[in-house]
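**Q** Have a look at this one before I ask anything.
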Amino acid sequence: MNIDYQLLSPQLRRTQPLEKDIELGFGQLRTDHIFLMDFQNGEWVHPRIVPYQNLQLAPGAMALHYGQSIFEGAKAFLHQDNEIYTFRLDKNCERLNQSAEILSMPQLPVEMQLNAINALLDVERLWIPTTLGASMYIRPFMFATDDSLSVRPSSSYTFAVMLSPSGAYYAKGMDKSLKLLITQKYHRAVSGGTGAAKAAGNYAASLRAQQYASSVGADQVLYLDATNAYLEEVGAMNHFHITRTGELVIPEFTDTILKSITSQSILSLSNELQTVCGLTPVQRKISISSFLNDIQNGDIIEAGGFGTAAVTASVGHYILDNGEHYTVGTGEIGSKTKLLNQYYSDLQQGRQNAPANWLMPVKRIN
Ligand SMILES: *Cc1c(COP(=O)(O)O)cnc(C)c1O
């Protein structure tokens, strides 16, 4: 892939590292450039890096009307050796293709995605935050661009990558456990639907449930399957809980759950987690009745969520539609959840040895 750098604006390029004391937040800042590439006549063409700017889009662009729009979220960290490393980025690229398959969008070879993201990270390397735990959030996305009102898969698409320097999710350490609403009123996904895709539409469809959760004082929604029998996930995080016997339980992946890369990584670190926090990761279906029962009888001692943004979130409370309230353990952040978060962050940031190829340095090309 020959990336066109001609539109790259030399005047815009940073010459100094990002200021250390800058307030980053999550996803608020933009870097100076984005990566763009078009899909036309069955081919990916014109890969380019251009200044961050508004996109040109036909009012009839199919993404706006019929929702063919997918995305990814990953992070890169600056390590002690002063190099930037992406973390399991190939997994994100593979998942973009799984989402594309579900939404009848074209495949984009993983190598091309990796090259695109690496090239942009290289151009924007001085934008990487230097404070501990802060990262470069990477947002690749793909959307349909045919100017057409027919309902069919678009024939043209744009793939884009934007970057956002972001602060450490827990700048002062994990400080607060969440309260989740478990509702029978709204569902995120049904079998045979699009729940396993990281699709814009899944997020649009979750907003109403999120507003309902906020209205009853909950932070987020823990979704049930369409039969209201099993726990699924938290909308932007996978569910987990920890049992008194040392199991770290994650719901079995079905086509109604987005396969979190964080969850998958945790599942593959079985030996390490045994050593670090005495936990054995397992996957199984979790019925809502046994879940609530086990919280009450003390068999479940910690609960939370896995996702790239926070790594782990701790959940201390669950409430039901009828107002019933369940407190996990003491309701405070669990000590094993903290250890998990620390261990995984250490892997990402190069303070622990990660499995081969999980960390990839951003090459200097431009
Ligand atoms: C992105 C996302 C997650 C978290 O996945 P990670 O790969 O760990 O970031 C979980 N659930 C949904 C619905 C998501 O979109």
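Numbering follows this note's numbering, in which position 323 of the sequence shown is assigned residue number 323; successive positions increment by one, without gaps.
Glycine residues also receive a C-beta, built at the ideal position from the N, C-alpha and C atoms.
All values reported here derive from a predicted model rather than from experimental measurement.
(1) Between T245, G201, T337, which lies nearest to I266 when the distance is taken from Cα to Cα?
(2) Name the one or two DSSP bridge partners that Q220 has.
(3) I'd like to confirm the pairing. Which residues does DSSP put opposite N118 in its beta bridges?
(4) Can you list, in chain order, the residues of its chain with a C-beta nearer than 8 angstroms to that of Y157? Leave out the 5 residues immediately preceding and following it.
(5) Using a Cβ-Cβ cutoff of less than 6 angstroms, which residues in the same chain neighbour E247 once the five nearest sequence positions on both sides are dropped?
(6) Quick check: is any heavy atom of ligand 1 less than 7 angstroms from the C-beta of S177?
(7) Examine ligand 1 and report whether any of its heavy atoms sits within less than 7 angstroms of the Cβ of T262.
(8) Counting only the same chain and skipping the five closest in sequence on each side, list residues whose C-beta sits under 8 angstroms from that of G350.
(9) Verify the contact flag: G235, CB atom, against every heavy atom of ligand 1, threshold strictly below 7 angstroms.
(10) Since R48 is in the beta strand (DSSP E), which residue starts that stretch and which ends it?
(11) Would you kindly check if the distance between the Cβ of T183 and the Cβ of V221 is under 8 angstroms?
(12) Let's test the definition: count the other Cβ atoms within 10 Å of the Cβ of N357 and tell me whether it reaches 16, buried, or not, exposed.
(13) By the 10 Å Cβ neighbour count, where 16 or more other Cβ atoms means buried, how is V190 classified, buried or exposed?
(14) So I300 and V328 are in contact, right, with Cβ under 8 angstroms, and what is the actual spacing, rounded?
(15) Comparing C-alpha positions only, which one of P109, P165, R152, D21 sits nearest to S44?
(16) Can you tell me whether P129 is helix, strand or coil according to DSSP?
**A** Checking against the coordinates, here is how it stands:
(1) Mapped onto the sequence shown, residue 266 falls at position 266. The option with the nearest alpha carbon to I266 is T337.
(2) Here residue 220 refers to the residue found at position 220 of the sequence shown. Note: Q220 sits in a beta bridge opposite L180.
(3) On the sequence shown, position 118 is the one that residue 118 refers to. Note: N118 sits in no beta bridge, so no partner.
(4) By one-based count along the sequence shown, residue 157 stands at place 157. Counting only Cβ-Cβ distances below 8 angstroms, and skipping sequence neighbours, we find D38, F39, Q68, M105, P106, M142, F143, A144, T145.
(5) Counting from 1 along the sequence shown, the entry for residue 247 is found at position 247. If we look at E247 and ignore the five residues flanking it on each side, its Cβ neighbours are T280, V282.
(6) As a position in the sequence shown, residue 177 is number 177, starting the count at 1. No, the beta carbon of S177 sits no closer than 7 angstroms to any heavy atom of ligand 1.
(7) Sequence index remark: in the sequence shown, residue 262 carries index 262 (1-based). Within the cutoff, so yes.
(8) Here residue 350 corresponds to residue number 350 of the sequence shown, with the count starting at 1. Excluding residues within five positions, the ones whose Cβ falls inside 8 angstroms are F77, H79, Q80, D81, Y85, L359.
(9) Position 235 of the sequence shown, counted from the start, is the residue given in the question as residue 235. G235: yes, Cβ under 7 angstroms from ligand 1.
(10) Looking up residue 48 in the sequence shown gives position 48. That run of the beta strand (DSSP E) goes 43-51.
(11) In the sequence shown, residue 221 corresponds to position 221, counting from 1. In the sequence shown, residue 183 corresponds to position 183, counting from 1. Yes, the Cβ-Cβ distance between V221 and T183 is below 8 angstroms.
(12) As a first step, residue 357 is located in the sequence shown; it is residue number 357 there, counting from the start. Its Cβ having fewer than 16 others within 10 Å, N357 is exposed.
(13) As a working note, residue 190 is residue 190 in the sequence shown. Exposed, by the Cβ-count rule.
(14) In the sequence shown, the residue the question calls residue 300 occupies position 300. In the sequence shown, the residue the question calls residue 328 occupies position 328. Indeed, because the Cβ distance is near 6 angstroms, the residues count as touching under 8 angstroms.
(15) As a first step, residue 44 is located in the sequence shown; it is residue number 44 there, counting from the start. Note that residue 44 is Trp in the sequence shown here, rather than Ser. Measuring from the Cα of W44, the nearest candidate turns out to be P109.
(16) Locating residue 129 in the sequence shown gives position 129, counting from the first residue. Three-state DSSP puts P129 in coil, outside helix and strand.
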